[in-house]
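Chains as they are written, first to last, in the working numbering: chain A, 227 to 776; chain B, 227 to 776.
Cβ coordinates follow ideal geometry from the N, Cα and C atoms, glycine included.
These numbers come from a predicted model, not from an experiment.
Step one of this worksheet: look at the structure below.
There are 2 protein chains.
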Amino acid sequence: MATDWKIIAAGKKAQQQASIPKEWLLSNLPPQSVLDISGFPETCGLLSDEELQITRSDTDTLLAKLASGEWSSVKVTTAFYKRAIVAQQITNCLTEIFVERALARAAELDEHLKKTGKVVGPLHGLPISLKDQINVKGIDSCMGYVSWIDKPAESNAVLTDILESAGAVPFVKTNIPQTLMWPETYNHVFGRTNNPYNRSLTSGGSSGGEGALVSLRGSPVGVGSDIGGSVRIPSAFCGTYGLRPCYGRVPYAGCVNSMEGQDSVPSVLGPISNDIAGIKHFMKAVIDAKPWLQDPLAVRKRWSEEEYNLVDHGNGKNLCFGILWDDGLETVKKALLDAGHKVIDWKPLKHPEIYETLRGVWGAGAEEDYRTVTALSGEPIISTMVPEDAIVKDSGEWFVVDTGVSAFQLWQTQKHKRDLRQEYLRHWEDTVSVTGTGRPVDAIISPVAPYAAPPHGLNKNANYTLIWNGLDYAALVIPVSKVDQALDVQRPRNQFYNDTDKALYESYNPETFKNAPISVQVVGRTLEEEAVIAMSEIVDNALKTSKAKS
Amino acid sequence: MATDWKIIAAGKKAQQQASIPKEWLLSNLPPQSVLDISGFPETCGLLSDEELQITRSDTDTLLAKLASGEWSSVKVTTAFYKRAIVAQQITNCLTEIFVERALARAAELDEHLKKTGKVVGPLHGLPISLKDQINVKGIDSCMGYVSWIDKPAESNAVLTDILESAGAVPFVKTNIPQTLMWPETYNHVFGRTNNPYNRSLTSGGSSGGEGALVSLRGSPVGVGSDIGGSVRIPSAFCGTYGLRPCYGRVPYAGCVNSMEGQDSVPSVLGPISNDIAGIKHFMKAVIDAKPWLQDPLAVRKRWSEEEYNLVDHGNGKNLCFGILWDDGLETVKKALLDAGHKVIDWKPLKHPEIYETLRGVWGAGAEEDYRTVTALSGEPIISTMVPEDAIVKDSGEWFVVDTGVSAFQLWQTQKHKRDLRQEYLRHWEDTVSVTGTGRPVDAIISPVAPYAAPPHGLNKNANYTLIWNGLDYAALVIPVSKVDQALDVQRPRNQFYNDTDKALYESYNPETFKNAPISVQVVGRTLEEEAVIAMSEIVDNALKTSKAKS
Numbered sequence: 227m228a229t230d231w232k233i234i235a236a237g238k239k240a241q242q243q244a245s246i247p248k249e250w251l252l253s254n255l256p257p258q259s260v261l262d263i264s265g266f267p268e269t270c271g272l273l274s275d276e277e278l279q280i281t282r283s284d285t286d287t288l289l290a291k292l293a294s295g296e297w298s299s300v301k302v303t304t305a306f307y308k309r310a311i312v313a314q315q316i317t318n319c320l321t322e323i324f325v326e327r328a329l330a331r332a333a334e335l336d337e338h339l340k341k342t343g344k345v346v347g348p349l350h351g352l353p354i355s356l357k358d359q360i361n362v363k364g365i366d367s368c369m370g371y372v373s374w375i376d377k378p379a380e381s382n383a384v385l386t387d388i389l390e391s392a393g394a395v396p397f398v399k400t401n402i403p404q405t406l407m408w409p410e411t412y413n414h415v416f417g418r419t420n421n422p423y424n425r426s427l428t429s430g431g432s433s434g435g436e437g438a439l440v441s442l443r444g445s446p447v448g449v450g451s452d453i454g455g456s457v458r459i460p461s462a463f464c465g466t467y468g469l470r471p472c473y474g475r476v477p478y479a480g481c482v483n484s485m486e487g488q489d490s491v492p493s494v495l496g497p498i499s500n501d502i503a504g505i506k507h508f509m510k511a512v513i514d515a516k517p518w519l520q521d522p523l524a525v526r527k528r529w530s531e532e533e534y535n536l537v538d539h540g541n542g543k544n545l546c547f548g549i550l551w552d553d554g555l556e557t558v559k560k561a562l563l564d565a566g567h568k569v570i571d572w573k574p575l576k577h578p579e580i581y582e583t584l585r586g587v588w589g590a591g592a593e594e595d596y597r598t599v600t601a602l603s604g605e606p607i608i609s610t611m612v613p614e615d616a617i618v619k620d621s622g623e624w625f626v627v628d629t630g631v632s633a634f635q636l637w638q639t640q641k642h643k644r645d646l647r648q649e650y651l652r653h654w655e656d657t658v659s660v661t662g663t664g665r666p667v668d669a670i671i672s673p674v675a676p677y678a679a680p681p682h683g684l685n686k687n688a689n690y691t692l693i694w695n696g697l698d699y700a701a702l703v704i705p706v707s708k709v710d711q712a713l714d715v716q717r718p719r720n721q722f723y724n725d726t727d728k729a730l731y732e733s734y735n736p737e738t739f740k741n742a743p744i745s746v747q748v749v750g751r752t753l754e755e756e757a758v759i760a761m762s763e764i765v766d767n768a769l770k771t772s773k774a775k776s
Numbered sequence: 227m228a229t230d231w232k233i234i235a236a237g238k239k240a241q242q243q244a245s246i247p248k249e250w251l252l253s254n255l256p257p258q259s260v261l262d263i264s265g266f267p268e269t270c271g272l273l274s275d276e277e278l279q280i281t282r283s284d285t286d287t288l289l290a291k292l293a294s295g296e297w298s299s300v301k302v303t304t305a306f307y308k309r310a311i312v313a314q315q316i317t318n319c320l321t322e323i324f325v326e327r328a329l330a331r332a333a334e335l336d337e338h339l340k341k342t343g344k345v346v347g348p349l350h351g352l353p354i355s356l357k358d359q360i361n362v363k364g365i366d367s368c369m370g371y372v373s374w375i376d377k378p379a380e381s382n383a384v385l386t387d388i389l390e391s392a393g394a395v396p397f398v399k400t401n402i403p404q405t406l407m408w409p410e411t412y413n414h415v416f417g418r419t420n421n422p423y424n425r426s427l428t429s430g431g432s433s434g435g436e437g438a439l440v441s442l443r444g445s446p447v448g449v450g451s452d453i454g455g456s457v458r459i460p461s462a463f464c465g466t467y468g469l470r471p472c473y474g475r476v477p478y479a480g481c482v483n484s485m486e487g488q489d490s491v492p493s494v495l496g497p498i499s500n501d502i503a504g505i506k507h508f509m510k511a512v513i514d515a516k517p518w519l520q521d522p523l524a525v526r527k528r529w530s531e532e533e534y535n536l537v538d539h540g541n542g543k544n545l546c547f548g549i550l551w552d553d554g555l556e557t558v559k560k561a562l563l564d565a566g567h568k569v570i571d572w573k574p575l576k577h578p579e580i581y582e583t584l585r586g587v588w589g590a591g592a593e594e595d596y597r598t599v600t601a602l603s604g605e606p607i608i609s610t611m612v613p614e615d616a617i618v619k620d621s622g623e624w625f626v627v628d629t630g631v632s633a634f635q636l637w638q639t640q641k642h643k644r645d646l647r648q649e650y651l652r653h654w655e656d657t658v659s660v661t662g663t664g665r666p667v668d669a670i671i672s673p674v675a676p677y678a679a680p681p682h683g684l685n686k687n688a689n690y691t692l693i694w695n696g697l698d699y700a701a702l703v704i705p706v707s708k709v710d711q712a713l714d715v716q717r718p719r720n721q722f723y724n725d726t727d728k729a730l731y732e733s734y735n736p737e738t739f740k741n742a743p744i745s746v747q748v749v750g751r752t753l754e755e756e757a758v759i760a761m762s763e764i765v766d767n768a769l770k771t772s773k774a775k776s
């Protein structure tokens, strides 16, 4: 059986390679020793000048030119497809490749626009990449499990249907870790996804394929999923924007997943893009499609322009941000103060207790879930993300899996989590006494991880992201800068999260993290996606203004 | 220990009796052989003519006169309190009684109105009764458990706070069954609640105290909870209106409960009243208070006048109702057709499978939950609701409790339930092809139970209500008529839900059910409370018009 699964996995990988048009295979790939390959798509020679211009465009420009017909969907989809295939060859970010099908759909959209003069929907002609879990009819969603190879989806996921109705062109699917429960991206079928800014570093996970792909502008908008940081960690590590919406705001029905039936801290789908406009267009289009008529778990809550206009947040004037303090947020603080906003320290409340409840909920049935799937093929469960030739070794599993947990015990953990959420809500409301705005803190600015993208296998701490999953707060990642070898010297530090963290710290030198993006999260409240998008625009603009000045 | 719990329970009951003002204790109570005591509050002599007029008023009138100051809150609260105490003496519907405290709050409200000329909020001065679970600071919420006696609540439930801020006066708490997981109302501490229309019949449960109290106009608006029908069954059996809102629409935080931490088919709080206006005023007031700022599980979804105006339902003209067929819905069908609406048959989809998933979820940890609480005092878990002197005997538990269920097994049940919800949503959407309105069915009209209120101990089938909990559809109960001995003769029937159902059928004669109310549910979609209220008004008006004609 051990041989069998390897053969099946290799077959799938060969199929994938064969699905790439030969003329898009490059012979001038940089050697593995070249770590920063972020500029390669621009210089590789595969894309024409116009294709480079298209793929460099922001989302507003793309949608406007697609809607006017200035750029056909076939042209735009081809440009992004070529760039995605370049990205694949240098970071291994894709799973499913289906060029003909995507271009056929693009041609239909072009035809429709030509005939009727009207767009099909708000995302007319825009190619959109999908994390491997998101079903596209007739295409595999094997999720890195050998067991699920050659089981093409019988129908589209609800989100796929909605995106297609909105005029989008799903065109590639992207890589994930086995089980989805790792903050890195590696599996037995498709292998490992690398960070475009430094290939010795992880792209993050579990939506690591999306992070690398979007970062290289191989896709204008990608869709990831996030149960403990899986949209935000790759967004941060790869220097893109990414939103973790709240439970049920984006329809999840019809996707494959791990740990299905776990209702207490569910995974959510969310967009990744190189600008906030990409995120806003995606969210508005999806919500305007009334997903609750297709997915029973999608919340019946219309897109609210009122909430986007920040009516509950003083119309966006003189906001007060709470900063969850960590190294490197000085830049953000200064930019916000310069823009006329207020910044206070955010006092974390019982974060370690909240982490434990999440691990308790997930761990209650995780191992049985993993074993059930992998037993079908005999493939081993991956116990470390550390590559075989890595210098820093590691002990394996990044969250503790319990066994033999009863349903009643699980309920006790869930009850405790609910009580902690209640306390946290009061804690947030109570900041009304210190903001001076008459309102509680409008949003929290938080690190996304305790470090920039670490070397493969060493991303062992998702606490800065999973805290907001546990509380179900909407959170949007914004890139701030990159690790600068001159500035980012090692600072003295006495406390460590765990042994890996300590080993990582001790092995640190700015060279290791060279070029790695540095990001923050703007964290708002439950089902407040519109306001979080608007406040993120405010933070992003403040940062851009600040950078332009310095 | 067996003696201990009985002594503690008896002590609590004696305290309750002592909390009734002596002058409200009646010496002219009807003998137990008088079954229909629904008219007794009007004739008992305790209430003045004005108090009778107040307690007979509809909710709109009450709120208008309270807001104008024509009736003070002290006057209105006193009137309802007296009537509630009468109800208590004939049906045993109350748990906690706190006259002084309620009247003190009413006096404050009167003072505020006098001083400022303004109401405190939209429910200014209105007494509201609360199911025993809903915490009121300083008062017990023992929920019929001996173990929880003399543990006064440390703070108000979020809903209690919101109601008080809206100007309401919480004034009594109401009776429930032990564990809350029975569709009848009996526990070791407070005993059994009887049906006001026929005391040999059950009031239903688990909000049976509310059902009996509101039905006797001892409270203008009461709050129950509903996990499988617990608001709707007592509303139907006692002839009142009652709404089961969807998960999270009404804040539950700060209440006591059974099976806490069970997140998959949660209980919800909902209003019971003698008119739909009472339900609407309650819902609008609670939602307008932004409960999501106090309860992390409350959905951030404002009250929508647009949805109340039925914009998604053709503005309420020419609706199409699907009737889930059962005896006795002919009246409703005729009334709706006469009012210009359309009626088609609703085809149930996999209802038995859905029931099983709910029983699987609840049963997974129920027994451990019950044992944990009852072990504290040694009180036995109640295994039947049949009184000792009953003619029809019964075997006990009404839903099967599993033991030794693992978290992973629970996830499988939850996954199955999610898939069934997905199928059901498609099933509903697909009715667009048969309604002729261009829309899917606007609402379903369904029975609330397979029978009118049965004799104590024999209510063993909650399928008509729990189906909508499993699907999380909003459902409002409307009274239609009462069992008429001349009309409601026994009809031939071959199929039975179970042995109890068969025994009940065979023991039937119109005399048994004499006077029992007959009701229907108007069932809408998830988080569509506004539309369900509006459509219920349409159904209710059609029924009233129809009755006026005949």
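Residues in the same chain with beta-carbon distance under 6 Å from residue i, minus the five sequence neighbours each way, listed in chain order, please.
i        : result
GLY465/A : SER441, PRO705, PRO743
GLU556/B : none
Which of the three DSSP states is assigned to residue i in this structure?
i        : result
ASN500/A : coil
ARG470/B : strand
LYS573/A : coil
GLU322/B : strand
VAL703/A : strand
One question on the structure: do residue i and residue j come within less than 8 Å of each other, judged by their Cβ atoms?
i        : j        : result
GLY430/A : ILE498/A : no
ASP366/A : GLU326/A : no
ALA675/A : VAL758/A : no
ILE402/B : ASN420/B : no
ALA700/A : PRO471/A : yes
THR752/B : TRP518/A : yes
ASP761/B : LEU545/B : Before going on, a small fix: residue 761/B reads as Met here, not Asp. Their beta carbons are under 8 Å apart, which means MET761/B touches LEU545/B by this criterion.
GLY586/B : THR629/B : no
LEU261/A : PRO267/A : no
GLY450/B : GLY468/B : yes
Who are the Cβ neighbours of residue i in its own chain at under 8 Å, not counting the five residues just before and after it?
i        : result
VAL660/B : ILE570
THR771/B : ALA561, ASP564, ALA565
Contact residues within the segment 521–540 of chain A, judged by C-beta distance below 8 Å to chain B: ASP521, PRO522, LEU523, VAL525, ARG526, LYS527
At least 3 beta-carbon pairs within less than 8 Å: the segment 550–565 of chain B vs the segment 519–533 of chain B: no
Any 3 or more C-beta pairs closer than 8 Å across the segment 383–397 of chain B and the segment 349–359 of chain B: The segment 383–397 of chain B and the segment 349–359 of chain B touch, with no fewer than 3 CB-CB distances between them shorter than 8 Å.
Chain-ordered residues of the segment 481–509 of chain B with a beta carbon less than 9 Å from chain A: Flagged, chain order: MET485, GLU486, GLY487, GLN488, ASP489, SER490.
Chain B contacts from the segment 575–607 of chain A (Cβ-Cβ distance under 8 Å): For the segment 575–607 of chain A, which is checked against every Cβ of chain B, the residues closer than 8 Å are ALA590, GLY591, GLU594, ASP595.
Three or more C-beta pairs below 8 Å linking the segment 234–242 of chain B and the segment 560–580 of chain A: no
Contact residues within the segment 734–761 of chain B, judged by C-beta distance below 9 Å to chain A: Taking 9 Å as the Cβ-Cβ cut-off against chain A, the residues of the segment 734–761 of chain B that qualify are ARG751, THR752, LEU753, GLU754.
Short-range partners of chain A found in the segment 350–378 of chain B, where Cβ spacing is below 8 Å: none
Against chain A: residues of the segment 388–400 of chain B by CB proximity under 7 Å: none
The segment 496–515 of chain A in contact with the segment 607–614 of chain A per 3-pair CB rule at 8 Å: no
Residues in the segment 698–710 of chain B having any Cβ partner in chain A nearer than 8 Å: ASP698
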